[in-house]
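Here is the structure we will look at, set down as structure tokens.
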Amino acid sequence: MSIRLITIMKKEFARFFGDKRMVFSTVLLPGLMIYVLYSFMGSAMADQFLTAADHVYEIHTVNLPDSLAQLKSQQDLAVTETDLADVESLKSQIEAQETELLVIFPEGFDEKVAAYDSLTSQEAAPQVEIYYNSVFTESGTAYDTICGVLEQYETSMANKFDVNADAEKRYDMATERDMTGQFFSMLLPMLLMSFLFSACLSIAPESIAGEKERGTIATLLVTPVKRSELAAGKILSLSVIGLLGGVSSFVGTMLAIPKMLGGATGGMDAGVYGGMDYVMTLLVILSTVLVIIGVISILSGVAKSVKEAGALATPLMIIVMVVGVTSMFGDGAPSATYLYLIPFYNSVQCLNGIFSFSALPVNLAVTIGCNIVYTMVMAAVLAKIFDSEKIMYI
Amino acid sequence: MEEMLKAQELSKTFKLSKKQQKLEKTTAKTKTAVDRLSFCAYRGEVFGLLGPNGAGKTTTLRMLATLIRPDAGDAVIEGSSIITDPNGVRSKIAFLTSELKLEEFFTPDYLFDFFSELHGVAPAERDERKRRLFDRFGVSDFAGVKVANLSTGMKQKVSLVISMVHDPQTIIFDEPTNGLDVITARVVTDFLQELKAEGRTIIVSTHIFSLIEKICDRVGIIVSGKMAVCDTLENLTAEKSLEDKFFDIYAEMEGKVL
Numbered sequence: 001m002s003i004r005l006i007t008i009m010k011k012e013f014a015r016f017f018g019d020k021r022m023v024f025s026t027v028l029l030p031g032l033m034i035y036v037l038y039s040f041m042g043s044a045m046a047d048q049f050l051t052a053a054d055h056v057y058e059i060h061t062v063n064l065p066d067s068l069a070q071l072k073s074q075q076d077l078a079v080t081e082t083d084l085a086d087v088e089s090l091k092s093q094i095e096a097q098e099t100e101l102l103v104i105f106p107e108g109f110d111e112k113v114a115a116y117d118s119l120t121s122q123e124a125a126p127q128v129e130i131y132y133n134s135v136f137t138e139s140g141t142a143y144d145t146i147c148g149v150l151e152q153y154e155t156s157m158a159n160k161f162d163v164n165a166d167a168e169k170r171y172d173m174a175t176e177r178d179m180t181g182q183f184f185s186m187l188l189p190m191l192l193m194s195f196l197f198s199a200c201l202s203i204a205p206e207s208i209a210g211e212k213e214r215g216t217i218a219t220l221l222v223t224p225v226k227r228s229e230l231a232a233g234k235i236l237s238l239s240v241i242g243l244l245g246g247v248s249s250f251v252g253t254m255l256a257i258p259k260m261l262g263g264a265t266g267g268m269d270a271g272v273y274g275g276m277d278y279v280m281t282l283l284v285i286l287s288t289v290l291v292i293i294g295v296i297s298i299l300s301g302v303a304k305s306v307k308e309a310g311a312l313a314t315p316l317m318i319i320v321m322v323v324g325v326t327s328m329f330g331d332g333a334p335s336a337t338y339l340y341l342i343p344f345y346n347s348v349q350c351l352n353g354i355f356s357f358s359a360l361p362v363n364l365a366v367t368i369g370c371n372i373v374y375t376m377v378m379a380a381v382l383a384k385i386f387d388s389e390k391i392m393y394i
Numbered sequence: 001m002e003e004m005l006k007a008q009e010l011s012k013t014f015k016l017s018k019k020q021q022k023l024e025k026t027t028a029k030t031k032t033a034v035d036r037l038s039f040c041a042y043r044g045e046v047f048g049l050l051g052p053n054g055a056g057k058t059t060t061l062r063m064l065a066t067l068i069r070p071d072a073g074d075a076v077i078e079g080s081s082i083i084t085d086p087n088g089v090r091s092k093i094a095f096l097t098s099e100l101k102l103e104e105f106f107t108p109d110y111l112f113d114f115f116s117e118l119h120g121v122a123p124a125e126r127d128e129r130k131r132r133l134f135d136r137f138g139v140s141d142f143a144g145v146k147v148a149n150l151s152t153g154m155k156q157k158v159s160l161v162i163s164m165v166h167d168p169q170t171i172i173f174d175e176p177t178n179g180l181d182v183i184t185a186r187v188v189t190d191f192l193q194e195l196k197a198e199g200r201t202i203i204v205s206t207h208i209f210s211l212i213e214k215i216c217d218r219v220g221i222i223v224s225g226k227m228a229v230c231d232t233l234e235n236l237t238a239e240k241s242l243e244d245k246f247f248d249i250y251a252e253m254e255g256k257v258l
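Those protein sequence lines, which keep their order, are chains A and B. For what it's worth, this note's numbering labels the leading residue of the first sequence as 1, then goes sequentially. For what it's worth, this note's numbering labels the leading residue of the second sequence as 1, then goes sequentially.
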């Protein structure tokens, strides 16, 4: 590396790290925000779908059969027997979320059930009607509880066989590693791409379009610094800073995801990934950051102002997000190597592969190699832009 | 006399947009900003380009400073061609204009070191030069203050100092006193005279007659991109004042009397 290139990089770092507010808002804040936000979302979602452990459900029944009289003695249920005359008023109470559940059994339920033969009967089976309100969390839970009790009752009458009845056994052969892999490989590539893009977008236009707008880049252009050194110095230093922002968001996400999921999915843990996985991830995102910075730098070089650079980069951001979503579809990362020549798509699918433990080394190498080549081409384009009087001085 | 700068038949044409065509009241698609301009500057002299706004002064200086390329012609500065060796030119000249700014976030001290590194100045030489120039311009007390927090006058002084990091022998200065208060303008003109006394070559552009009369040895009068007259200040002002002389030439060139 030439001395001038290093000088340019040192200046970019001095500019960035010398500004505490910029460091805070670009590097620390994104990770912190994501951690706080996702953790909050996790606990808010848990609150939304859970009811207090000691809640007693208000249940009204019509024609409660003797065979289910045990419901009345269940501690978490307050069963009130009522008759058909009250049905309409109870329904409106459920609608208004004033009471929780109404169960209507047909008259003579036990006898009818005993007499009914599903193979020979011409009539419909006896029907239990349960009125509930799915928006009202307590009502929804009461509905699930009663359905469970009724299903158990039905099963107990004509049990021919069971499926997966042994509570002690593990039937789902997917390991915790596989489950975590599947979940993370769907979600993380898209999140990472958008974190990286927004980190880059917060620094590159300022450094290139901003310097152009303020007239400070022309001061550099009358020194003997080569345009290629200036372009490479800018792209490399901005990439390092962009990477820091992206990594901060990534760390925030990895720490917050277990919190976000709460206990719901059980045992999903970023701990299943080893050092090698993180090294691969870091290499892929570093090469991706180079490409993103390269593209945004070119747009910023062409733009007349920081504002215009931001506007030009917005469609690109949408493309990157859409490409990020591709990891959610299809059957894991594709193995055809030529697909890894496509910028952005290659990064998303590499991350997809890494997080699902199926990354092929050749595809990783192609991705990283291609991204470096693309960046070099873009650095050459940026150097041309710096040399173009039409673009630089209007 | 040693020839430090020689401009030969420099030409520059700009494309006009529809909007510019309307403003200029013309249907021509292009505008010739500089038209086969030739002149030279010798060691230890101040050469002034005098002309009204839009005459092509800034375009000429930008070509000399290698920020834009001429469509035709060439200029050689201290042996380096602006066409074939722009980086050689950049390492030899100082180019000053109000359009070139310093990054406001940094201190004069940092910027001096930064530009010294870009010019490949050795640290010992840099430190000695920095101390001397900072003292000379009273920048020393503000060496650690961000440019953003300096007064306009001090910013101008810092720009002057920074442009001298590599001890250039040729200084190109576009509108040196434009927008400056009387005190700062005086600092600038004193500085230019000092540089001249040190044997450096200075090319300035201006439309201010008094500035030319005060500092220039030779003057080139540009009208509509063409060199109307190029002579010593002495010869030009032999019969009448520079101002009257200029308007005579202007009327002759443009074919109208003001």
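A virtual CB, placed ideally from N, CA and C, is assigned to each residue, including glycine. Here the structure is a predicted model, which is why all the values come from computation and not from measurement.
Sequence-distant Cβ neighbours of Y132(A) in its own chain, meaning closer than 6 Å and more than five residues away, are L101, S139, Y143.
K304(A) does not reach chain B, its nearest Cβ partner there being about 14 Å away, counting only Cβ pairs nearer than 7 Å. The DSSP assignment places complete alpha helix (DSSP H) segments of no fewer than 4 residues inside the stretch 87-118 of chain B at 108-118, in order along the chain.
Using beta-carbon distances, L150(B) does not count as an interface residue toward chain A, since no partner is under 7 Å.
The three-state secondary structure of F344(A), taken from DSSP, is coil. Assignment of beta-bridge partners to S205(B) by DSSP yields L49(B), D174(B).
Interface flag for I203(B) against chain A is unset, since no Cβ pair is found closer than 7 Å.
In this structure T206(B) does not touch I93(B) by the C-beta definition: roughly 18 Å separates them, more than the 8 Å allowed. S81(B) and T7(A) have their C-alpha atoms roughly 26 Å apart. With a threshold of 7 Å between beta carbons, R21(A) makes no contact with chain B. For A383(A), same chain residues with a beta-carbon under 6 Å away, outside a window of 5 residues either side, are R227, S228, A231 in chain order. Distance between T32(B) and T314(A), taken at the CA atoms: about 38 Å. Contact residues of the stretch 340-359 of chain A toward chain B are absent (C-beta to C-beta distance below 8 Å). With three or more CB-CB distances shorter than 8 Å, the stretch 9-21 of chain B counts as touching the stretch 34-48 of chain B.
Against chain B, the beta carbon of E389(A) has neighbours under 9 Å at R62, L67, I68, R69, listed in chain order. Between Q182(A) and the set D331(A), Y345(A), I391(A), A379(A), the nearest pair of CA atoms involves D331(A).
Put simply, of N178(B), F106(B), G138(B) the residue whose alpha carbon is nearest the alpha carbon of V145(B) is F106(B). For L382(A), the uninterrupted alpha helix (DSSP H) segment begins and ends at 361-387. Leaving aside the five residues that flank L341(A) on each side, the residues in its chain whose CB is nearer than 8 Å to its CB run, in chain order, V366, C370.
Using a CB distance cut-off of 7 Å, G215(A) counts as an interface residue toward chain B.
In chain order, A14, R15, G18, D19 make up the part of chain A whose C-beta sits under 9 Å from the C-beta of F105(B).
At least one beta carbon of chain B lies nearer than 7 Å to the beta carbon of A218(A). When the five nearest sequence neighbours on each side are left out, the beta carbons in the same chain lying within less than 8 Å of the beta carbon of T30(B) are those of T13, F14, K15, L16, in order along the chain.
Taken through DSSP and simplified to helix, strand or coil, Q8(B) comes out as strand. Between the beta-carbon of V348(A) and that of M193(A) there is about 6 Å, and that keeps the pair under the 8 Å contact cut. DSSP places S81(B) within a strand segment (E or B) once states are collapsed to three. Distance from the CA of E81(A) to the CA of L187(A), rounded to the nearest whole angstrom, comes to 49 Å. Per DSSP, the unbroken beta strand (DSSP E) holding K31(B) starts and ends at 30-42.
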